[in-house]
Structure formats: C-alpha cells, structure tokens
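Novice:
Numbering (my numbering), first residue to last: 1 to 735.
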C-alpha cells in the first residue's frame, strides 16, 4: 500500500472509533493526504528498502596428478555471496588436499585434509519481533527512512506499532560478525594380508572454533532502550574419530560372501565463553571494548560426549540372483542414563534379481529387474550431553546472611533420569528396481513404513517438583509412504539429455504421547502477533503438523442479519462454525468446544526433476522442485489486515454492495453499542487461531540453473589441469 492509500484508509478506519464515549482520532490531515497523492515519491516501500539483488561469485582451482604408486589432488575455492538482505554477506575460503600412496603390494596409505574459513555477517532476520524482515511489512509507507535532520525516522507520537523499529536502522545499525574456522584431517592405512581380506584403520579429527559478536547501537530498538547492547561468544569444538573395518570377500562357485566388521569410537568436546554488556559509554567501539559497558555479565560452558560402536554384517549372493544381507549393530552413548547406555539394532534384507532367471535373461528390452524387501532398526542419540543427569545452575543471586549484597547461589535446573534410553526407529521396506533398453530407462519404487518409539522429548512435570520438565522417552510416531524415481537418457549422441524425476508421498501419525497425555499444543513464537492461543498440535491418532482452531466461514451476508445478531454479530463481520458445545452439539456460541482441524503443515507429496543437457563442450543443468498440499499459518497477516492495515487488501472491505470479500466491514462504534448485541464469540484476539489465516504453501520452483563450458582438452595437454570452465550457477531462480 502506498502512502496516499494508507493515510486515507487509516483516517477512514479511525472514523469508526466512536464506542465507549470516544471520539475519532485522525493521524493525517487533509493537506498531508493531498500531499501524498501529489508526491508519490514520498511513499516508502520498506521491503524495497531492506532487500536488494543477491550476487554470488564462486571460483575453484584444482590440480591433480598420479604415478604408479602415488596419487594426489589439491584444490582451493573461494565463494563470495552478497545477500538479498541489506548489510548481509557470506564468504568462504576452502582448501583441500588428498594423498594416496601404495607403500607395498599389501599396504596403502591415505591422507585427506581440508581447511575452511567462513565469515558471515547479517542483521537479525529470524521470524521474531524487532527484526528488519519482520518489521518491514508492518511499517507505514507514510514514514520516511530518515527524518528532516538526517536521523532514522521513528513512529510519530501515539501512532504506529509499539513493537517495531525503523527496518533500515535495524538492518544497517546491527553489527553481526560470525567468523568460523575449521580444520579436518583424516588418515588411513589399508592392509591386504591375504586374498579377499582387508583391514582399514582410519583416524582423524575435526577442530573448529568460532567467534561470534553482535552489537546493537543506540540507533536500534534494543540499543536505544539499553544505551547499546553487545554480546561476544567464543566456541571451540574438537571431534576425534577412530574407525576400524575388517572385510572378507570371497566367491566359491555360485556363492559369493562378504563379511564386514566395524569397531568405532567418537569423542567430542565442546567449550566456550560469552560476555554480554549493556549501557556503553560510546557506540563506536562496540564489542571491541566490552569494558566500556557499565553492566557486564559473563558465562562459560564445557561438555563432552562419547560414542562406541560395533557392527557386523554378512552379504551373501547365490548365482547373483538371490541376495541376503544381515547386520547387527551395538552402540554405547554417554548421553543416556546409567541403566541404558547401550542400544542394539539388527537389520536384514532379501533381494531377488528376477532378470537373471532363465525366462528373462535374454530379454532385449529388460536389462535388470530386482525385487527387494528389508527390515531394520536404527537409533537416535540426539540430545545434549548430561541430559540424563541431575544438574545445577549457578545464575541465582540471593542476599544470604541477612545482608544487602547479592551472593552467588546454585539451584536445581534438571533432575536425573537414569532410565533414559535410545530412541529407536524400525523400518520395513518393499522395493523394485527396473532397467530397460540397456539402461536407457531406469526406475526405482519403494514402499515403506517407519515407527519411531521412545521419542526423546521433554516430559512435563507437576509444579511441586521444582523443575518444569525432564528429558524422557515419550511416545511414538509412524511414517509410511511411497517413493518413485524414474530416470534415463531420452536423447543420446552429439546432443545428450539425461533426466530423472522423483516423487515422494509420506503420511505420518502420532501413535502415543506418554501416559495420560493425548495432545500437546504449541503457541507461536514472538512473531505470532496477538495470537496467544495454541494452534499447532501433536495429537494421538492424528498427523504431525496439525493446526487446530476456529473454522472461518467467510463474512455474514446481509440476508443472514437475524442469525448474525443471535451470535452478537452483524452482516460483514467474521462468521465461524458453531460445531459443538458442552453437550456435544452446537450451543449457539463459538468457544473452545468449536475448535477443529484447520490445516496441516506437511505436504501430500514432494517432487524433483533433474536435467543435464550436453552438446559438444557445453553443459546445461537445471533442477525443478515442487511441493503440494502443505499449508502454513500466516501470522503476519493478522497485523497487516487488522491492527496496522498495511496490506492493500483492506480496501476490499465488506459493504452491502461488496459482499464477495473476506475483509470485514467497518462499523461505527457508537452505532454498534446502540444495537445492544450480546457477543457469543469467544475466539480470542484477532479472531484467534482460525482458518482465515491458513494458506496453501504448495509451490513449483526452478531451484538451480547452471550453464558450463569445458575447454577443449587438447589445448591443455601440457598441464595437469582438467576440465576448467566458466560456470554460471543460479539458485532458487523462480518461485
């Protein structure tokens, strides 16, 4: 909405504010409105102000070579990406070196090393309050970026959303620097002491550290309230891994057997510190001088976790037609309770290569046909270290000993759960692989069912316990679905086209949420304006991602005047379904008994189409992705179409002459009072969680597009360089 339309609508909207003895309060004079109309350049497009075209540059160089006993490759790359959000950027420098050498005929050695330096800067952009991304759609177009003195404009007194700030100031004046450095080194020795027998010993580590600083100066909302606020984090992580793989592979007549044994250890350590300061003497130094803050708080942390794993697997093939795989895995993790450190996970599969049977072996059309069935169990240890232990917190302050000074105190933050165990997922699968016309056309089809049990989730505790929740094994969920992949080479020759299409359909259901719990609700984040009620639920017997609320039926029509008044409403106001009541039948009012399912967050299917077209030295590749049936709850519309009215759709409000709309009518407050209506709607602020705000989130998108040219090889015979080229990549090009 431009400034002229916004100012007119704002005055029009407030002209109806005559209830409760009030008189209309207008924020724009007739002269201001006329000026906005005569000078459209005074209208501010806030989203245009904070967004720009993103530009990405990516350069890579690789050198490789080989002798009879030595192979090497060294590569480096640099990526520079200017983000679409004002004052955002990302760059990455990477270096990789691989070395493989044959020490003797039965021992070879390898070394892989990589280094990555990443530097990321951006103003906050998450979907919470007080961010540029959140505030830009809500700021009035009548407000300029800068006032007459060259300072960032603020809302005029008494007008504008109190919980927003100038989006350009938020973007430009928030300084965030997040450099991260990571070294990864892996070495291996591969022994071949006898025919068919190999032992591979691998060891390595990943060492990373990051330095994150954020400073909000006094031109930002938080910085203005706190006279500058800054935070610095230092994080260090070290991961050490040792993997030992013993393999025996042999063929005896029509029998082929492979045995694999694995023993692995992973140890991880994490540590860090944080300093937060408020009320800075000067803005200019920011986090470079935390001593310049009058209020400083310090925090530090450290944790370790370890995983030990053993696995045995047998692959057996009979005449390359009948295939059997059986494996068993044991994992021990330090994060679980003392009674359940170990988890045990078996799996097995059978396959029948039907195309090798006599009645199909000589087929000129069918190249391969394989039927597969499998079942297995996997584990999940995805919780923080010490989640099973009782823990204390030290950030309590209390004036002990009847003194006035605050002393450091410790208090219980978590209680122990010695029975905490592995989350496990059992999966059964039936699949078929087909190849036709000597591989020109291939397809894979899989039908699966997964049941995840002992979910690692917080379990709510009674208030008298002293802590609100404990990590426990709570409930189970089911996923089942169908996956289809079709690919091939429709065109071969000088012009070659390789293509593949996949489609996935998954249906999930909550099976259990623990003793006595049938439903868990979730409220929006702080970005869910004026929506205090829960709207996303996990409910036994229902899919995950379920949204529940009031069913929006449109607006009351003029012909429904009497029925609308029976609910305390008027034609043109929102109409909701009266579904139930205390007795299980409609009761003439809309309240909590009338909540129903209004949407689902998971898609009915997702799909992708990958293509590679080559001609001489040119390569064109692109990926199209799609999602269908998923819905989203658009919380930002609640404000834009009600309180703040920055969306042009508000002009399409209901009138007796314009009833084909979902934008409610505007009624004079004093006139409504005189109707003596008794409200029978109890749906919460902004009509609460209702299907009015649920939207279809399906999409078809051109995700990537790359055009490359490979220089003629005979021009490069004197160097070891291979396939250098000019590449023009693009990502998420079309919505």
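By construction, the Cβ of each residue, glycine as well, lies at the ideal position given by its N, Cα and C atoms.
#1: Quick check on DSSP: helix, strand or coil for residue 172?
#2: Just to confirm before moving on: does the CB-CB distance between residue 500 and residue 614 stay below 7 Å?
#3: Spatial neighbours of residue 216 within its chain, please: CB distance less than 6 Å, with the 5 preceding and 5 following residues excluded, ordered by chain position.
#4: Report the option in 250, 26, 245 whose CA atom is closest to the CA atom of residue 260.
#5: Kindly indicate which residue of 572, 199, 487, 377 has the alpha-carbon position closest to the one of residue 427.
#6: Quick one: Cα of residue 738 to Cα of residue 547, how far?
#7: Are residue 214 and residue 231 touching if we call contact CB-CB under 7 Å?
#8: Which residues bound the beta strand (DSSP E) around residue 451?
#9: Take residue 358 and list the residues in its own chain whose beta-carbon comes closer than 8 Å to its own, dropping the five residues that flank it on each side.
#10: Residue 640: which of 164, 120, 35 sits nearest, CA to CA?
#11: For the region 463 to 500, which segments carrying the beta strand (DSSP E) assignment without a break, of at least 3 residues, lie completely within its bounds, in sequence order?
#12: Buried or exposed for residue 146, please, with buried defined as at least 16 other CB atoms from any protein chain shown within 10 angstroms of its CB.
#13: What's the call for residue 437, buried or exposed, on a 16-neighbour Cβ count within 10 Å?
#14: Please report the distance separating the alpha-carbon of residue 449 from that of residue 318.
#15: Using the Cα positions of residue 542 and residue 510, report the straight-line distance between them to the nearest angstrom.
#16: Taking 7 Å as the cut-off, decide whether the C-beta atoms of residue 481 and residue 505 are in contact.
#17: Can you check DSSP and say which residues form a bridge with residue 622?
#18: So what's residue 557 in DSSP terms, helix, strand or just coil?
#19: Are at least three pairs of beta-carbons, each pair with one atom in the region 457 to 476 and one in the region 410 to 421, less than 8 Å apart?
#20: Going along the chain, which residues of its own chain have a beta-carbon closer than 6 Å to the beta-carbon of residue 673, five neighbours each way excluded?
#21: Helix, strand or coil for residue 359 per DSSP?
#22: Who are the Cβ neighbours of residue 677 in its own chain at under 8 Å, not counting the five residues just before and after it?
#23: Could I get the ranges of all uninterrupted beta strand (DSSP E) runs contained in the region 230 to 285, with 3 residues as the minimum, in chain order?
#24: Kindly indicate which three-state DSSP category residue 39 falls into: helix, strand or coil?
#25: Does the region 324 to 341 come within contact of the region 306 to 316, defined as at least 3 CB pairs closer than 8 Å?
#26: Any idea if residue 679 is buried or exposed, counting beta-carbon neighbours within 10 angstroms, 16 or more meaning buried?
#27: Look at the alpha carbon of residue 133 and the alpha carbon of residue 169, and state the distance between them as a whole number of angstroms.
#28: Quick check: the Cα distance between residue 166 and residue 17, rounded to an integer number of angstroms?
#29: Could you compute how far the alpha carbon of residue 289 sits from the alpha carbon of residue 89?
#30: From 66, 599, 80, pick the residue whose C-alpha is nearest to that of residue 74; which is it?
#31: Can you look up residue 46 in the DSSP assignment and give me helix, strand or coil?
#32: Run through DSSP, which three-state label would residue 30 get?
#33: May I ask you to verify whether the region 245 to 254 touches the region 270 to 280, counting CB pairs closer than 8 Å and requiring at least 3?
#34: Taking its Cβ as the centre, do 16 or more other Cβ atoms sit within 10 Å of residue 575, making it buried, or is it exposed?
#35: In terms of alpha-carbon separation, which member of 399, 690, 625, 487 lies closest to residue 605?
#36: Using a 10 Å radius around the Cβ and a threshold of 16 neighbouring Cβ atoms, would you call residue 131 buried or exposed?
Specialist: On the basis of the data shown:
#1: Your numbering for residue 172 matches position 172 in the chain shown. Residue state, collapsed to three classes: helix.
#2: The residue given as residue 500 occupies position 500 in the chain shown. The residue given as residue 614 occupies position 614 in the chain shown. Taking 7 Å as the Cβ cut-off, residue 500 and residue 614 do not qualify as a contacting pair.
#3: Your numbering for residue 216 matches position 216 in the chain shown. Correct list, in chain order: 174, 222, 223, 229.
#4: Numbered from its first residue, the chain shown carries residue 260 at position 260. The residue from 250, 26, 245 with its alpha-carbon nearest to that of residue 260 is 245.
#5: Taking the first residue of the chain shown as 1, we reach residue 427 at position 427. Distances from the CA of residue 427 to each of 572, 199, 487, 377 were compared; the closest alpha carbon is that of 377.
#6: Nothing can be reported for residue 738, as the shown portion of the chain is limited to 1 through 735.
#7: The residue you call residue 214 lines up with position 214 of the chain shown. The residue you call residue 231 lines up with position 231 of the chain shown. In this structure, residue 214 places its C-beta atom within 7 Å of the C-beta atom of residue 231.
#8: What you label residue 451 is simply residue 451 of the chain shown in a count that begins at 1. Element bounds for residue 451: 441 to 453.
#9: Taking the first residue of the chain shown as 1, we reach residue 358 at position 358. Result list for residue 358: empty, nothing under 8 Å.
#10: In the chain shown, counting from the first residue as 1, residue 640 sits at position 640. For the residues 164, 120, 35, the minimum Cα distance to residue 640 belongs to 164.
#11: With a minimum length of 3 residues, the continuous beta strand (DSSP E) runs that stay inside the region 463 to 500 are 469 to 473, 476 to 491.
#12: Here residue 146 refers to the residue found at position 146 when the chain shown is read from its first residue. Counting Cβ neighbours within 10 Å, residue 146 comes out exposed, since fewer than 16 surround it.
#13: Reading the chain shown from its first residue, position 437 is the one you call residue 437. Classification for residue 437: exposed.
#14: On the chain shown, position 449 is the one that residue 449 refers to. On the chain shown, position 318 is the one that residue 318 refers to. The straight-line gap from Cα to Cα measures roughly 28 Å.
#15: Mapped onto the chain shown, residue 542 falls at position 542. Mapped onto the chain shown, residue 510 falls at position 510. Residue 542 and residue 510: Cα-Cα distance of roughly 6 Å.
#16: The residue labelled residue 481 in the question sits at position 481 within the chain shown. The residue labelled residue 505 in the question sits at position 505 within the chain shown. Taking 7 Å as the Cβ cut-off, residue 481 and residue 505 qualify as a contacting pair.
#17: The residue given as residue 622 occupies position 622 in the chain shown. Residue 622 is bridged to 611, 705.
#18: Here residue 557 refers to the residue found at position 557 of the chain shown. Three-state DSSP puts residue 557 in coil, outside helix and strand.
#19: These segments touch.
#20: Within the chain shown, the letter at position 673 stands for residue 673. 19.
#21: Here residue 359 refers to the residue found at position 359 of the chain shown. Three-state DSSP puts residue 359 in a helix.
#22: For the purposes of this step, residue 677 is taken as the residue at position 677 of the chain shown. Once the five neighbours on either side are set aside, the close Cβ partners of residue 677 are 565, 568, 569, 570.
#23: Segments of the beta strand (DSSP E) lying fully in the region 230 to 285: 255 to 280.
#24: The residue labelled residue 39 in the question sits at position 39 within the chain shown. Coil.
#25: Taking 8 Å as the limit for Cβ pairs, the verdict is that the region 306 to 316 does touch the region 324 to 341.
#26: Taking the first residue of the chain shown as position 1, residue 679 is located at position 679. Exposed.
#27: The count along the chain shown starts at 1 and reaches residue 133 at position 133. The count along the chain shown starts at 1 and reaches residue 169 at position 169. If you take the alpha carbons of residue 133 and residue 169, they lie about 12 Å apart.
#28: For the purposes of this step, residue 166 is taken as the residue at position 166 of the chain shown. For the purposes of this step, residue 17 is taken as the residue at position 17 of the chain shown. Taking C-alpha positions only, residue 166 is separated from residue 17 by approximately 27 Å.
#29: The count along the chain shown starts at 1 and reaches residue 289 at position 289. The count along the chain shown starts at 1 and reaches residue 89 at position 89. Approximately 24 Å between the Cα atoms of the pair.
#30: Within the chain shown, residue 74 is the residue found at index 74, counting from 1. Among 66, 599, 80, the Cα nearest to that of residue 74 is on 66.
#31: Translated into positions along the chain shown, residue 46 becomes position 46. When secondary structure is reduced to three states using DSSP, residue 46 falls in the helix class.
#32: Locating residue 30 in the chain shown gives position 30, counting from the first residue. If DSSP states are grouped into helix, strand and coil, residue 30 belongs with the helices.
#33: No: the two stretches stay apart, fewer than three of their Cβ pairs being nearer than 8 Å.
#34: Looking up residue 575 in the chain shown gives position 575. It counts as buried.
#35: Position 605 of the chain shown holds residue 605. Of the candidates 399, 690, 625, 487, the one whose C-alpha sits nearest the C-alpha of residue 605 is 625.
#36: As a first step, residue 131 must be located in the chain shown, where it is residue number 131. Under this definition residue 131 is a buried residue.
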